[in-house]
Every structure is written in structure tokens, then in C-alpha cells.
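Undergrad: Attaching a single structure in C-alpha cells format; questions to follow.
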Amino acid sequence: MTRDVRAPSMPTRLDSLPRPRVDALQKEDERMSAVTSEVEAAIRDNVVWAKLPENLKLLLGGSQREYDKLVLEYSIKNQLRFKGNIVRHVRRDAEGYYDILLKYSQNHLMLFPYHLSDIVVRELRITPFTYYIGIITDLMTAEKSYDSLPNFTAADAMRVLGIGRNQYIDLMNQNRSNRKFLRRSTPIRALLPTVPVQITMEPWHLLCAGNIIEADVKALSRIEKDIIDMLLDEGPQICGTLDSAVIQSLHQKGLVYFEVPVYDDDYVYVTTLDGFVMNRVLGDYFETLLYKIFVTIDEQSTVKELSDTISIDLGLVKTAISLFCRLGFAKKRVTGLENLALHKTWAEYMVLPANDDSNLDDSLTMITTDLADLSNSLVSPCVGEHDEDDDLLNAVDEALSGADPASPIAGEISSSAMVSPSALQTPNDAGSKRIGFVFDSTLTAFLMMGNLSSSLKNHAVTLFEVGKLGDETVDNFIDELQNVNLFAEGEAQRYSEHARTLLHTILALREHAEIDLLRGESLLSLDRSARLRVIQKSYKLLVSMGPISTEACSLSSVSLPHYGPPAVEVTSFWWRLHLYETVGSGPPSLLIPMGCRLPRLPGLLSKWKRVIVTTGAHEPVILSTDNCLITINDTLMTSPVFLQAYSSVADDSEVVNIPFPFEKDGEEDKDSFVHHPAVHVLREKLGLENLVGYIVLVNMRKKPTKTGSQGGGAPSAITLANGGTSSKNNVVTKDPRKICSPRQKLEEGESFDDYVLFDCIFGIPLFDEHLNKVICDKIRRHDTFNPSNFSSVEFTNATLSEGTMALVKRFRSNNYQCPFGNDSTGTPFPTETIAFEEESKSLHRVPYGFCV
Numbered sequence: 012m013t014r015d016v017r018a019p020s021m022p023t024r025l026d027s028l029p030r031p032r033v034d035a036l037q038k039e040d041e042r043m044s045a046v047t048s049e050v051e052a053a054i055r056d057n058v059v060w061a062k063l064p065e066n067l068k069l070l071l072g073g074s075q076r077e078y079d080k081l082v083l084e085y086s087i088k089n090q091l092r093f094k095g096n097i098v099r100h101v102r103r104d105a106e107g108y109y110d111i112l113l114k115y116s117q118n119h120l121m122l123f124p125y126h127l128s129d130i131v132v133r134e135l136r137i138t139p140f141t142y143y144i145g146i147i148t149d150l151m152t153a154e155k156s157y158d159s160l161p162n163f164t165a166a167d168a169m170r171v172l173g174i175g176r177n178q179y180i181d182l183m184n185q186n187r188s189n190r191k192f193l194r195r196s197t198p199i200r201a202l203l204p205t206v207p208v209q210i211t212m213e214p215w216h217l218l219c220a221g222n223i224i225e226a227d228v229k230a231l232s233r234i235e236k237d238i239i240d241m242l243l244d245e246g247p248q249i250c251g252t253l254d255s256a257v258i259q260s261l262h263q264k265g266l267v268y269f270e271v272p273v274y275d276d277d278y279v280y281v282t283t284l285d286g287f288v289m290n291r292v293l294g295d296y297f298e299t300l301l302y303k304i305f306v307t308i309d310e311q312s313t314v315k316e317l318s319d320t321i322s323i324d325l326g327l328v329k330t331a332i333s334l335f336c337r338l339g340f341a342k343k344r345v346t347g348l349e350n351l352a353l354h355k356t357w358a359e360y361m362v363l364p365a366n367d368d369s370n371l372d373d374s375l376t377m378i379t380t381d382l383a384d385l386s387n388s389l390v391s392p393c394v395g396e397h398d399e400d401d402d403l404l405n406a407v408d409e410a411l412s413g414a415d416p417a418s419p420i421a422g423e424i425s426s427s428a429m430v431s432p433s434a435l436q437t438p439n440d441a442g443s444k445r446i447g448f449v450f451d452s453t454l455t456a457f458l459m460m461g462n463l464s465s466s467l468k469n470h471a472v473t474l475f476e477v478g479k480l481g482d483e484t485v486d487n488f489i490d491e492l493q494n495v496n497l498f499a500e501g502e503a504q505r506y507s508e509h510a511r512t513l514l515h516t517i518l519a520l521r522e523h524a525e526i527d528l529l530r531g532e533s534l535l536s537l538d539r540s541a542r543l544r545v546i547q548k549s550y551k552l553l554v555s556m557g558p559i560s561t562e563a564c565s566l567s568s569v570s571l572p573h574y575g576p577p578a579v580e581v582t583s584f585w586w587r588l589h590l591y592e593t594v595g596s597g598p599p600s601l602l603i604p605m606g607c608r609l610p611r612l613p614g615l616l617s618k619w620k621r622v623i624v625t626t627g628a629h630e631p632v633i634l635s636t637d638n639c640l641i642t643i644n645d646t647l648m649t650s651p652v653f654l655q656a657y658s659s660v661a662d663d664s665e666v667v668n669i670p671f672p673f674e675k676d677g678e679e680d681k682d683s684f685v686h687h688p689a690v691h692v693l694r695e696k697l698g699l700e701n702l703v704g705y706i707v708l709v710n711m712r713k714k715p716t717k718t719g720s721q722g723g724g725a726p727s728a729i730t731l732a733n734g735g736t737s738s739k740n741n742v743v744t745k746d747p748r749k750i751c752s753p754r755q756k757l758e759e760g761e762s763f764d765d766y767v768l769f770d771c772i773f774g775i776p777l778f779d780e781h782l783n784k785v786i787c788d789k790i791r792r793h794d795t796f797n798p799s800n801f802s803s804v805e806f807t808n809a810t811l812s813e814g815t816m817a818l819v820k821r822f823r824s825n826n827y828q829c830p831f832g833n834d835s836t837g838t839p840f841p842t843e844t845i846a847f848e849e850e851s852k853s854l855h856r857v858p859y860g861f862c863v
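Positions 12 to 863 (the working numbering) are the ones given, in order, by the sequence shown.
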């Protein structure tokens, strides 16, 4: 084997540098990362330069100016409040600081800083409407696409401006038409809305006075003036006590804004996302925080408990949940309004007693006498450490406790109209843990891409963006899955079959406990300790879809039974090599490190007609050995390659699946594949009796039919059951682990010697309805999820992980950390070529230059 030779103009890559230099670069990167983390921690803790540890001062070159620069930069990027933070020692002008913060936020398309509304709206007179108008104007001026907006920013801008993807495209076309046909440029601002759309609000939201000048008041109606006077004299008011139409009118005039209070003991749940815009992820601090909290919101935990579980500052958690509630993506279980009579314009939130025949329009009474007591628990700041928020609270308390019964605003309230008890359900007992079903993004892609049902897409968006669908929402999801349109061929068949098997899986798992659906990639956004705490707190067992992608395998070392891959390595080529060595069965295989180059196909594989190329990042590709080198060498430039000999037939008939848990010995036909020697060894050595999944065998001796390739000729295109095709270049894109194969025993003329072990998959498959039902039935029949089996499952998983990791350590020189491999959370990259020989049935290192 020879190393890849780069042209002189090509940039030098770390893996082509001498080893000492690579180590030096890695150490320098690690050092700078550690320095940045320490400095940011000091800024968050408000450590001034004089009290900064000497080692950090040295790392900053002893320059206070450098530290001040980092303080200002961090504060602006993280939208920190001026008062109460270290930035006030760096920049004396609060107004100038907020101007810079807002300009930076707009330029970087960040969300409006709602947690700073009391400053930004009340003092600077910048409302969410004007903020997002500025962003849209800048985008249109630069002629950028709507996809430039990050997800949450796009969703909030649509909520405030009413401008979604279609509206934005229409505005861009209109702007271009004006320039083309009228030969003059109409200002973009003239095309945009002049007032915000009607906002969605809840009766428990707080109405606050914005920046109001005398000229604003002159144009108001009497009732609008009364509410403004109340806000200015008595402070923020509960929206449910006021006329909702008047509130909307004042909001459209830009004179008021809303606070969405969140408290330590609130229970919050995520609804099915409606109005979420799937554009792109920005990656700023707050967006990252939002996604972390999205996947960890637990209907059975308070906000304070959630903060403790994921070890994120309580104030930040409240701010994030407040935004979710504002956008309508989350709801409070108990709003605190159960003792409060609402204004008649909030009728949709009211319920009348059964014996009450009174007309709402004639039922005008006062706020209940419990309102003053309620205010103490109802009104609470989103960020409670700041003086501005304390002033806000005091004003609200005074307003609520001293409400004037004669006020025309407070008087129009129905005493019989109370908050519906259905919205105030008590959370489930925290002790009743659930089953977590872990899936990867391929499932959400199938649900979104297929035209399966009219309302299923919102659930698919929720599964992808939130990364979780709680049991409370699963009922509605089941209804949508039951209405899926069924297709009989092509890609549409794959989509609908995944939906049907997902429905069957949910119903089967629900027989054992409540179930949450969890996207593995979303869980991986949490740090490892937080991820384990979340899982341990909420679930009694985990079940994964099978196979699951490496990127979604985020549950290594969980201390509870997991019916899925116990470690990320068990989803990779390392696991297959471990299987082949353990069982002594498998196709001839080569694991080649990234950066190598093959001048010709190695002799180990040259006698076969086809090879399967696996990288981990893409679907495997089956290639003819006559013309595979270009593809293999191109792939080796960016990732390691796992090469394996493959059957001459690639029309899916060569694959066999054997589901487990297995039946008792003697209950299967003698020709059943459960009697294959490789299956016997797996049952004995890996303890598969306690686990859930299936074994994949491949027939390596099957001959092509007359319609296939014969005599080296190129075959015609073959349509595969999984949707892939073989073209005239004899290329097939498919994953043998995801092939529908109902066969369970040998056909006439076959023997077990024709089949070799390809893989062993843990979890419940969703790609094949028949295999899915067989495994779910086995789980039910064998009582697999019985708690008496849990210790055996945990022990078996630990053994599988240890065996695979032992192999990784054996064949990775000095535990080398590849600079291009995500070794901390992904598959470890190989550092030398490893071969599995068909004759010796064992693994060995291949010397450098083996293929020359």
C-alpha cells in the first residue's frame, strides 16, 4: 500500500504531517480550548481582572485590555444584561452597550432578546416587530434566501410579522418586478407590514407598558387610555383580566409588550410543533440551549428539577421555557389561574358550571377575593436576580392587591367563567418511569418525505426538532399513523412501511408501560453526564430501532437495561470484525485507514465479483471488482473504508434475517436458519437470549440467474426491494442489514455452508413489517421486558461493549486520536489495516504496502 500523494498546491492535512507535529497541534488546540472555557467561566462568575487567577492572567499575556475585550465580546454574544454583570466594569454606557448588542443580534439573525424587554422595549423603543422588520429588510436588500434565517428566528418572525417562506418569496419577486418593469426601486420597507399581526397570547401572560410618549396617548380610545393608565400607575397586569381585543390593539400600536413568567415549580410539556420553520441551525449560545432543553423537558419534572438534572443555570432554563411558551411550542400544566375569573373575551379558556344558565354578556362581576394571594405565586421574573425585575414584581403585586373594584376594566369579568380543569391536570406520579424508544433521523426523514397523511408532518417535525414525543402526545400521533396512505411499490412503499411498523412498535411497547419517543442525535447534544441523568430519572428501560445510525447511538454505559446497541462501537465496522473473530464466520474483510491509497485491489478480495464498501457516514455501496478502485480511493481521502467480499447476486434474495429472542431448542425445523453454526455460537457466546434484534446472513455462493451478470458482462438495471438499483456500471446502493427477507429456512439445494455471518443487529427493526411483528411477538411471548431479566441484560451489554472495545484498543496504535474522527462521541478511526481471512477465520494486521 502507498500513501496518498498530494499535489503541492493542495493544503497540508493533519493526517499527512509527521506524528510529533500532529500531537503538538492537537495539544495546542486542547490548550486554547481549555483557556477559552476558563475565561468564559470567569466572565460568567463576574470575576474582575484584579481577582483573576494568575495562571489566566499569564495565558492572556498579562493584558487587562485583552480580558476586557473578551468580556465585552462574550456578553454581547450571550445577550447578557448590563446591570449585575461584569460588562458594566468594561463599558460604562449602558445604552451604548445595548445598541451594540442589538446590532450584533440583528446582524447574526439571533432571536429577539425577550429577557431584556424591560430595557429594549421600554427604554430603547425597539419592539420585536421593529427588530424583525430590520432583519427581513437586510435579508431582502442582500437578496438572501429565506433559508438564511435560523429555525427559531424564522418561527418568531413569522409569529410577529406574518411573513413565512411563501410570503418572503412573494415579497422578493415583487421587489425584483418593481426594479425591472418600473425602472425604479421602491423602498423595501414600503413592501413590508406596517403593524404586527394579531399575536397569540395566553390569559396568564403579563401585559407591560412599553415606551409611551404623549403623542401616542392622544390617538387612543378611552378604554385604551384606561389600560395604559393602569399599566403606568399600577404596573403589569394579567392579560386574562383585560379585554383581549384592546390588548391586541395596543400591541399593534407598539405601546405594550408581554412577559411570559416561568416559575421554579411549573410543570411544562411540549406540544406538537405548529408553525415551526425548518431552515438551518445557527449554533449561537441560546439556540444551542433551546435544543438541549427541548429534548429534556419532562412533564413529570418541575422547571427547577429540570435545571438540576441537566446542570444548566435555572435563570437560563426559565428564559428558554418562557420562549417556548411564547412561541406556542410548550404549555404549562397549571397556569395559576384556577382561582381567577377571566374577562368575557377569554371565553375559550372558560368553563361554565352545569347548572349555570346565565349569559356571559350579562355576567359582570369583580376579580375574586383570592386574586391578591394568587399574585404572589403568579407573577415571577424570568431572570430574578436583577433590580429591574424586582421593580416589575413590586408594581404587579401592588396593582393586583389594590385593584379598584369600580374600574371599568376589572369590572367586565364573569364570575362563572373559570379556567377549564382539563388544562390543569396534575402530572403523573414521578415514580412511574417509562420506556424510551430511541430512533434516528432516517425515521423522521421518511415521515416527512412521504405523502403519508395530511397532519403527520407536524409530528415528524416535532420528532426531529424537539427530539422527543412524550406519551401525552403519542395518542394523537397513533391516530395519524393509522390514517397513513398505503403504497405498494417504490420509495413511497418504504415510507408507508416505516410508518406502519412504527405504529405497531409503539402499540407493542405500550403494552408494557408509557412510552416516549427519543431522537438519538438530540440526546447527543447533551453532555454525557447530563444525558445519563435524564435517562436514569425518566426511564426504566430503553429500546432502540435497529439498525440505528452511529450518530444517534448516544446511550453508552447507561445503568439501566437497553435493548439496543450498548455502545457506539457496536454500530460500526469494529463490531463486525469482533463478531467474525468470535464466531469464525464472515465474508473476507479489510478495514483500511483514511489517507491510504490502493493501486490495485488486494488479493484477499480480487477473486470475488463484488465488494461492499462501508464508511459509516453513508449507505453502503456494492461495486463490481472490475471498476471499484476509483470509488474506493476517493472515499479513502475523507474517511476509513470497510471493504468486504459480497455475493455475486445483489437482488436482495441473498440476505436472510434471523430474529431473536429465540424459541426453545427443538421447536424449530431442522432446516431453519437458527441451526446455522454461526447462530449457535452467537447464542452461546453473546447471550442473545436476553436481548432483542436479528442476525443477518449472506449467501456468498449463490449464482446469478440468466438475467443477471454472466461471463463478466454488464447486467441490466435491477430494481431492488429496498429501492436501490444496480446500473450498467454494476453499482448497487443498499444496506444488507435493512433488507426485507421473510425466509426462515434453507431452500432446496442450499446448505448452511453457503451462508456466512454478516452482522448482528440489536433493537426493533422498522424497515420490514414482517420482521417487526415477529420480534414484537417474541418480546411479548418471552416476557422479555420482565424486571427479573434486567440484571442479565445489563451484564450482557457490558460484556459486548468490553469485547468490542478490547478489539479497538488492540488494533489502534497508542490510542491515537484521529484529527478528523469524532472519537469522543463517534466511531474510533482505525490507524492500521486489519483483515479477516476466509481461510484462517481470524483477524490480523496487514503490513504496510500489502497491495503493491
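Glycine included, each C-beta is placed from N, C-alpha and C at the ideal position.
Give the DSSP-derived three-state secondary structure of Gly447 in the structure shown.
TA: strand
Undergrad: Tell me the DSSP secondary structure of Tyr766 in three-state form.
TA: strand
Undergrad: Three-state secondary structure (DSSP) at Asn184?
TA: helix
Undergrad: Quick one, are the C-beta atoms of Leu601 and Leu615 less than 8 Å apart?
TA: Less than 8 Å divides the Cβ of Leu601 from the Cβ of Leu615.
Undergrad: Please look up how many angstroms separate the CB atoms of Pro207 and Phe123, rounded, as I've assumed it's under 8 Å.
TA: Contact flag wrong, Cβ pair sits at about 12 Å.
Undergrad: CB of Arg170 to nearest heavy atom of the ligand GTP: below 7 Å?
TA: Ligands are entirely absent from the displayed structure, and the ligand GTP is therefore not among its contents.
Undergrad: Three or more C-beta pairs closer than 8 Å, one from the region 333 to 342 and one from the region 281 to 290: is that the case here?
TA: yes
Undergrad: Please report how far the alpha carbon of Leu757 lies from the alpha carbon of Ile308, in whole angstroms.
TA: 50 Å
Undergrad: From which residue to which residue does the alpha helix (DSSP H) around Cys10 run?
TA: As shown, the chain starts at 12 and ends at 863. That puts residue 10 outside it, with no answer to give.
Undergrad: Which whole-angstrom value is the C-beta distance of Tyr278 and Val345, which I expect to be below 8 Å?
TA: 6 Å
Undergrad: From Glu349 to Gln259, what does the alpha carbon distance come to, in whole angstroms?
TA: Their backbone Cα atoms lie some 24 Å apart in a straight line.
Undergrad: Out of curiosity, what's the CA-to-CA distance linking Asp79 and Val101?
TA: The straight-line gap separating the alpha-carbon atoms of Asp79 and Val101 is approximately 6 Å.
Undergrad: Looking only at C-alpha atoms, which of Arg176, Glu106, Thr516, Cys607 sits nearest to Leu640?
TA: Cys607
Undergrad: So the candidates are Thr138, Asn118, Ile144; which of them puts its Cα closest to the Cα of Tyr125?
TA: Thr138
Undergrad: Do Leu293 and Leu71 have their beta-carbon atoms positioned less than 8 Å apart in this structure?
TA: no
Undergrad: What do you reckon, are the CB atoms on Arg748 and Ile786 nearer than 8 Å?
TA: no
Undergrad: Where does the unbroken beta strand (DSSP E) through Leu112 begin, and where does it stop?
TA: That residue, Leu112, is in no beta strand (DSSP E); its alpha helix (DSSP H) goes 105 to 118.
Undergrad: What runs of the alpha helix (DSSP H), each 4 residues or longer, lie entirely inside the region 633 to 683?
TA: 640 to 647
Undergrad: Where in the region 189 to 250 do unbroken runs of the beta strand (DSSP E), each at least 3 residues long, occur, reported from the N-terminal end onward?
TA: 217 to 220
Undergrad: Answer yes or no: do Ser596 and Leu768 have a C-beta to C-beta separation smaller than 8 Å?
TA: yes
Undergrad: Beta strand (DSSP E) containing Val485: first to last residue?
TA: Unbroken run through Val485 is the alpha helix (DSSP H), 482 to 493; no beta strand (DSSP E).
Undergrad: For the beta strand (DSSP E) that Gly704 lies in, which residues bound it at each end?
TA: 704 to 710
Undergrad: Helix, strand or coil for Ala628? Go by DSSP, reduced to three states.
TA: Residue state, collapsed to three classes: coil.
Undergrad: Hey, Met556 and Asp682: beta-carbon distance below 8 Å or not?
TA: no
Undergrad: Who are Val622's beta bridge partners in DSSP?
TA: Leu634, Ala656
Undergrad: Which whole-angstrom value describes the C-beta separation of Leu520 and Phe457, a residue pair presumed to lie in contact below a C-beta threshold of 8 Å?
TA: The Cβ separation is near 19 Å, so there is no contact.
Undergrad: Just to confirm before moving on: does the CB-CB distance between Leu202 and Cys219 stay below 8 Å?
TA: no
Undergrad: Flag Arg511 as yes if its beta-carbon sits less than 8 Å from any beta-carbon of chain C, otherwise no.
TA: Protein chains in the displayed structure number just one, and chain C is not present.
Undergrad: Smallest Cα separation from Ala563: which of Leu537, Glu359, Ala817, Lys68?
TA: Leu537
Undergrad: What is the DSSP secondary structure of Leu552, reduced to helix, strand or coil?
TA: strand
Undergrad: Thinking C-beta only, is Leu514 closer than 8 Å to Ile546?
TA: no
Undergrad: With a threshold of 6 Å on Cβ separation, who are the neighbours of Asp645 within its own chain once the five nearest residues in sequence on each side are excluded?
TA: none
Undergrad: Is the CB-CB distance between Ala510 and Val495 below 8 Å?
TA: yes
Undergrad: Closest to Lys155 by CA distance: which of Asn186, Pro776, Thr211 is it?
TA: Asn186
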